[in-house]
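J.: Dropping a structure here in structure tokens format, bear with me for questions.
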Amino acid sequence: MALPDKLKAEFTELISHYPESRAGLIPALHRCQEELGGWVTPEIMEDLADFFGIEPVEVYGVASFYPMFRLTPRGTNVVKVCHNISCDLRGAAAVLQRAKELTGAEVHGTSADGRFTLEVVECQGCCTTAPMIDLNDNFHENLTLDELERLIGGCK
Amino acid sequence: MSGFEKYLTSRMTGEDSHTLAAFKKNGGYATLERALKEMQPAEVIEVVKASGLRGRGGAGFPTGLKWTFMPDPAKDPRSRYLAINADESEPGTCKDRIIMDEDPHGLLEGILLACYAMKCEASYIYVRGEYRHQYDRTAAAIVEARAAGLIGKNILGTGFNCEIHMHKGAGAYICGEETGMMESLEGKRGHPRPKPPFPAGFGLWGQPTTVNNVETIFNVPFIVEKGSKWFRTMGSEASPGNFLVGISGNVNKPGVYEAPLGTNAKVLLEADHFAGGVSEGRQLKAWFTGGSSTGMMPGSTVDVAMDHDSVKAAGTMLGTAAMIMLDDTQCVVRAMQIIARFYDHETCGQCSQCREGCQWLHQIFKRIEEGQGREGDIDLLTSIGNGMAPGKTICALADAAAIPAHQMIKHFRADLEEHIRDGGCKINKTGKCAAGHSHDAPATEKAEAQA
Ligand SMILES: Cc1cc2nc3c(=O)[nH]c(=O)nc-3n(C[C@H](O)[C@H](O)[C@H](O)COP(=O)(O)O)c2cc1C
Ligand code: SF4
Ligand code: FES
Numbered sequence: 008m009a010l011p012d013k014l015k016a017e018f019t020e021l022i023s024h025y026p027e028s029r030a031g032l033i034p035a036l037h038r039c040q041e042e043l044g045g046w047v048t049p050e051i052m053e054d055l056a057d058f059f060g061i062e063p064v065e066v067y068g069v070a071s072f073y074p075m076f077r078l079t080p081r082g083t084n085v086v087k088v089c090h091n092i093s094c095d096l097r098g099a100a101a102v103l104q105r106a107k108e109l110t111g112a113e114v115h116g117t118s119a120d121g122r123f124t125l126e127v128v129e130c131q132g133c134c135t136t137a138p139m140i141d142l143n144d145n146f147h148e149n150l151t152l153d154e155l156e157r158l159i160g161g162c163k
Numbered sequence: 268m269s270g271f272e273k274y275l276t277s278r279m280t281g282e283d284s285h286t287l288a289a290f291k292k293n294g295g296y297a298t299l300e301r302a303l304k305e306m307q308p309a310e311v312i313e314v315v316k317a318s319g320l321r322g323r324g325g326a327g328f329p330t331g332l333k334w335t336f337m338p339d340p341a342k343d344p345r346s347r348y349l350a351i352n353a354d355e356s357e358p359g360t361c362k363d364r365i366i367m368d369e370d371p372h373g374l375l376e377g378i379l380l381a382c383y384a385m386k387c388e389a390s391y392i393y394v395r396g397e398y399r400h401q402y403d404r405t406a407a408a409i410v411e412a413r414a415a416g417l418i419g420k421n422i423l424g425t426g427f428n429c430e431i432h433m434h435k436g437a438g439a440y441i442c443g444e445e446t447g448m449m450e451s452l453e454g455k456r457g458h459p460r461p462k463p464p465f466p467a468g469f470g471l472w473g474q475p476t477t478v479n480n481v482e483t484i485f486n487v488p489f490i491v492e493k494g495s496k497w498f499r500t501m502g503s504e505a506s507p508g509n510f511l512v513g514i515s516g517n518v519n520k521p522g523v524y525e526a527p528l529g530t531n532a533k534v535l536l537e538a539d540h541f542a543g544g545v546s547e548g549r550q551l552k553a554w555f556t557g558g559s560s561t562g563m564m565p566g567s568t569v570d571v572a573m574d575h576d577s578v579k580a581a582g583t584m585l586g587t588a589a590m591i592m593l594d595d596t597q598c599v600v601r602a603m604q605i606i607a608r609f610y611d612h613e614t615c616g617q618c619s620q621c622r623e624g625c626q627w628l629h630q631i632f633k634r635i636e637e638g639q640g641r642e643g644d645i646d647l648l649t650s651i652g653n654g655m656a657p658g659k660t661i662c663a664l665a666d667a668a669a670i671p672a673h674q675m676i677k678h679f680r681a682d683l684e685e686h687i688r689d690g691g692c693k694i695n696k697t698g699k700c701a702a703g704h705s706h707d708a709p710a711t712e713k714a715e716a717q718a
């Protein structure tokens, strides 16, 4: 597979912002993950290596360092529950427990029907509006269990 | 006490506060224009220096002084950069996001003034990847400002050129450390660099670079507009100005509040126009003064002025001024375990003391919390923490992980000993929920039920 032209054009613009093109690698990984199936496949890493003129192993080294990049397939929806201190003090443990029940997924696992991947994450900068989850890349803050149920119920 | 002058949040009103139109209506970019036309770059540095502004990213370094570390461009013609630290990942900290959400043009005006002062040709704003909304707001502001001739070539016809670029991180706390951030911006793993060389000499792509926090730079237009004397009317002698305090945890009104530096923490906790007291009228068991790295202090120490020197005299640090409050139904051992787990997750792994140390601290606090603590564990924690002291590792993350452990042993030794002796947590056993103490429902739900 090769990178879609649309992304290639985007990345060409992207690297014009930096004196050295490699600086565009992390933003490019984000865009690939967003556009090409929700995780960074080995093929994507090879294509990006090609585009940036570096070795695939260097792309892997970067992709594997950053928690936001996923190197394995994910469910249709991704639920991330913050379990750091400010959220814990306001009920994150209960949120996580309910999220497991509602999604049928274990932490860092995907539900049997493939609909949900559940993750715990470190502080997301929503501490004064805790507890929070990130559902499919959107923050939901000041969360209640009812709201959690509504959100999960509304997923594809 | 509520009668102090607010400036940081003064424009954060209304639905459209993030737009150029609203910003201009409030006098936005007038200070930039005046500075570009009437002030020399050195004069801008002088005002910031005289104001006594200190970095709001955690270390409190004097901003004007930092700016003077940049080499003289007459002698060193390399490219020069300003990197804005919007990684904001210190647990408890959520202040920079409100600036990017609600007043991104204020940040851009500060960046342009700083770049003018230090003669930087470009600035990169490094935003943590999870802050999508904040990234989009700031990127949109850049588009507006560029269209208005405020970014790019020959800004406002003055001959000043400056680019501002957005850059997205991908969820690693260590990329908030300034050299880790630069590696990450260059498209590499966020492995901090040994210092020296310092960023001013060898920064982004090996060029002279200054790294400043979002809130630090956001202060600059106000200082340039109103002067250093005005700035020094707020805050304390050594810590002038206002700051954004995030108050989270078990309080009635968690939030990010503007206050003068030096405001008493008890006032911030209890006053109605701040956090409104500990939840449900409970007692304060413990608190973090400024993010997880400062460690926990006993609730009885909350009567302290929140400025760099006073908090230091009380035995801890101002850090990011993110106060995390624990009421007396919380278990401090659990809180400590969560913090230790965080550093274990976030160490970049380059230095063995840090990599191993973070892991051991986590494992030991975890087993103490779970009732598997051993005699001698407390001494072991101390010796591991000592091995992570400053100077033994490349960056300060190791220290940031060790400080909470030392604070825990100093102030909450009895809780640790009790857990080791009793084989676990009393609060946990008598509490309402297996996972953690009083967490039977999110606090938001309890508040709703009460209303
Ligand atoms: C482990 C670690 C994490 C840090 N995270 C941040 C951060 O998220 N945001 C920030 O502004 N500074 C952070 N810092 C501090 C920066 O290294 C640097 O001191 C700061 O950005 C300088 O800006 P200032 O002088 O304006 O405060 C961190 C430092 C360490 C050691
Ligand atoms: S101290 Fe820790 S985080 Fe910092 S460079 Fe060393 S291993 Fe990495
Ligand atoms: S602790 Fe959960 S968002 Fe900060």
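Protein chains in written order, with my numbering: chain A, 8 to 163; chain B, 268 to 718.
Beta carbons are placed, not taken as given, at the ideal position from N, Cα and C, and that holds for glycine.
Computed from a prediction, not measured in an experiment: that's the story for all the values here.
#1: Helix, strand or coil for F146/A, going by three-state DSSP, please let me know.
#2: From I409/B, F679/B, G324/B and Q620/B, pick the residue whose C-alpha is nearest to that of E376/B; which is it?
#3: Taking C-beta pairs closer than 7 Å, name the residues in chain B that E93/A reaches, listed in chain order.
#4: If you draw a straight line from the alpha carbon of R456/B to that of G436/B, how long is it in whole angstroms?
#5: Which residue marks the beginning of the beta strand (DSSP E) containing L511/B, and which one marks its end?
#6: Report the neighbours of P34/A on chain B: residues whose CB is nearer than 8 Å to its CB, in chain order.
#7: So what does D141/A bridge to, in DSSP terms?
#8: How big is the Cα-Cα spacing for L423/B and T298/B?
#9: Which whole runs of the beta strand (DSSP E) in the region 389–466 of chain B are 3 residues long or more, in chain order?
#10: Are the C-beta of G643/B and some C-beta of chain A separated by less than 7 Å?
#11: When you measure from the CB of P565/B to every non-hydrogen atom of ligand 3, does any distance come out below 6 Å?
#12: Using the Cα positions of G416/B and F336/B, report the straight-line distance between them to the nearest angstrom.
#13: Determine the chain B residues that contact M52/A at a beta-carbon separation under 7 Å, and present them in chain order.
#14: Report the residues of the region 465–487 of chain B with a CB closer than 7 Å to any CB of chain A, ordered along the chain.
#15: At a Cβ threshold of 7 Å, is R622/B touching chain A?
#16: Between M139/A and the rest of its own chain, which residues show a CB-CB distance below 7 Å, the 5 nearest in sequence each way excluded?
#17: Is there a Cβ of chain A sitting closer than 7 Å to that of E355/B, yes or no?
#18: Just to confirm, are K87/A and E126/A a CB contact at a threshold of 7 Å?
#19: Please list, in chain order, the chain B residues whose beta carbon lies closer than 7 Å to that of Y73/A.
#20: Do three or more CB pairs link the region 503–510 of chain B to the region 565–584 of chain B at distances below 8 Å?
#21: According to a CB-to-CB cut-off of less than 7 Å, which residues of the region 87–114 of chain A neighbour chain B?
#22: Using only alpha-carbon positions, find the residue among D54/A, N84/A, V47/A and N91/A that is nearest to F72/A.
#23: Assign I351/B to one of three DSSP states: helix, strand, or coil.
#24: Quick check: the region 658–675 of chain B against the region 552–565 of chain B, are at least 3 beta-carbon pairs closer than 8 Å?
#25: Closer than 8 Å by C-beta to L535/B: which residues in its own chain qualify, once you throw out the five before and the five after it? Chain order, please.
#26: For L332/B, which residues in the same chain have their Cβ closer than 7 Å to its Cβ, ignoring the five residues on either side in sequence?
T.: On the basis of the data shown:
#1: strand
#2: I409/B
#3: The sequence shown places Ser at residue 93/A, rather than the Glu named in the question. Simply P358, G359, S515, G516 and I591.
#4: 11 Å
#5: Per DSSP, the continuous beta strand (DSSP E) segment holding L511/B begins and ends at N509 to G516.
#6: Correct list: H434 and K435.
#7: K87/A and F146/A
#8: 12 Å
#9: 389–394, 419–422 and 427–435
#10: no
#11: No, ligand 3 has no heavy atom inside 6 Å of this Cβ.
#12: Each residue's alpha carbon lies about 30 Å from the other.
#13: Near M52/A there are no residues of chain B at all, since even the closest Cβ is about 14 Å away, more than 7 Å.
#14: W472
#15: Interface flag for R622/B against chain A is unset, since no Cβ pair is found closer than 7 Å.
#16: Once the five neighbours on either side are set aside, the close Cβ partners of M139/A are C89, C94, Q131, C133, F146, H147, E148 and L150.
#17: Under the Cβ distance rule, E355/B counts among the residues neighbouring chain A, one pair being separated by less than 7 Å.
#18: In this structure, the beta-carbon distance from K87/A to E126/A falls below 7 Å.
#19: A437, G438 and A439
#20: yes
#21: N91, I92, S93, D95, L96, R97, G98, A100, A101, V102 and Q104
#22: V47/A
#23: Residue state, collapsed to three classes: strand.
#24: As far as the Cβ criterion goes, the region 552–565 of chain B touches the region 658–675 of chain B, which means the pair count is three or higher.
#25: Result list for L535/B: V512, I514, Y524, A526, F541, A542, M573 and M590, in chain order.
#26: Excluding sequence neighbours, L332/B sits near K316.
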